[in-house]
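For the protein sequence lines, the chains are A and B, in the order given. Residues in the first sequence are numbered from 864 upward in steps of one, following this note's numbering. Residues in the second sequence are numbered from 123 upward in steps of one, following this note's numbering. Note that the Cβ used here is the ideal one computed from N, Cα and C, for glycine as well. Notes to accompany the following structure.
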Amino acid sequence: KAGVTQTPRYLIKTRGQQVTLSCSPISGHRSVSWYQQTPGQGLQFLFEYFSETQRNKGNFPGRFSGRQFSNSRSEMNVSTLELGDSALYLCASSLESQGGETQYFGPGTRLLVL
Amino acid sequence: DQQVKQNSPSLSVQEGRISILNCDYTNSMFDYFLWYKKYPAEGPTFLISISSIKDKNEDGRFTVFLNKSAKHLSLHIVPSQPGDSAVYFCAASGSSGNTPLVFGKGTRLSVIA
Chain A
864 KAGVTQTPRY LIKTRGQQVT LSCSPISGHR SVSWYQQTPG QGLQFLFEYF
914 SETQRNKGNF PGRFSGRQFS NSRSEMNVST LELGDSALYL CASSLESQGG
964 ETQYFGPGTR LLVL
Chain B
123 DQQVKQNSPS LSVQEGRISI LNCDYTNSMF DYFLWYKKYP AEGPTFLISI
173 SSIKDKNEDG RFTVFLNKSA KHLSLHIVPS QPGDSAVYFC AASGSSGNTP
223 LVFGKGTRLS VIA
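So, in structure tokens, the structure goes:
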């Protein structure tokens, strides 16, 4: 079975631009979660989607948004980019829900904001 | 408020010896715990998990111990190998559907040959 895939792997943007990242979960997995990893803060939860609905949201500003499609693929969007948005963005999938289940991670998208 | 804490940012161990990585949590609603291993520029790789109904789970060289009363878990790697050198993250969640994974900040393990 193929693992979680994320595109693009690397991205350079400038302040004020917007960016869309894509995630394809493991086949059969319906839950997709997004995390931001920065050196100082570790992995911070952004949001989780299940059956095309956002089921949980972390403590991030409204500039961060996402969606999930009927095939469980997910995208996240960051608008009006700031320098502090430079990070590794990780997507993880699990079968049904976050709780009590193992999440499997993709390789991440490294975003650099100049 | 850090709900999952890994108090040792780094650990060095000689090849062949035991590596013990520790993790503490504060939220008593957490009942499912996982360890992930992460190499630079890659996503975390799932290693092993444990639910709160157990106090030990073993998978090959990896064993996770859970002490619920102390809200503490540990990952033992025996014997340690140079390829185990990576950052290890502890994560926790509740078993109900709407509980996201909460991660510790990681411990960098260096296994010295």
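Put simply, of A:Q869, A:T870, A:Y898, A:F913 the residue whose alpha carbon is nearest the alpha carbon of S933 (chain A) is A:F913. The alpha-carbon separation between Q125 (chain B) and R878 (chain A) amounts to approximately 32 Å. The alpha-carbon separation between L197 (chain B) and D948 (chain A) amounts to approximately 32 Å. For the segment 148 to 170 of chain B, the set of residues with a beta-carbon nearer than 8 Å to any beta-carbon of chain A comprises D153, Y154, L156, Y158, A163, E164, G165, P166, T167, F168, in chain order. In this structure, P162 (chain B) sits away from F211 (chain B), with a CB-CB distance that is not shorter than 7 Å. For E180 (chain B), the enclosing beta strand (DSSP E) stretches over residues 178 to 181. Shown here, D153 (chain B) sits in coil according to DSSP, grouped into three states, outside any helix or strand. Neighbours of G205 (chain B) in chain A, taken as residues whose beta carbon is under 8 Å from its own, are absent, since the nearest beta carbon is some 18 Å off. For K227 (chain B), the nearest beta carbon of chain A is closer than 7 Å to its own beta carbon. The criterion of a C-beta distance shorter than 7 Å is satisfied by R936 (chain A) and S887 (chain A).
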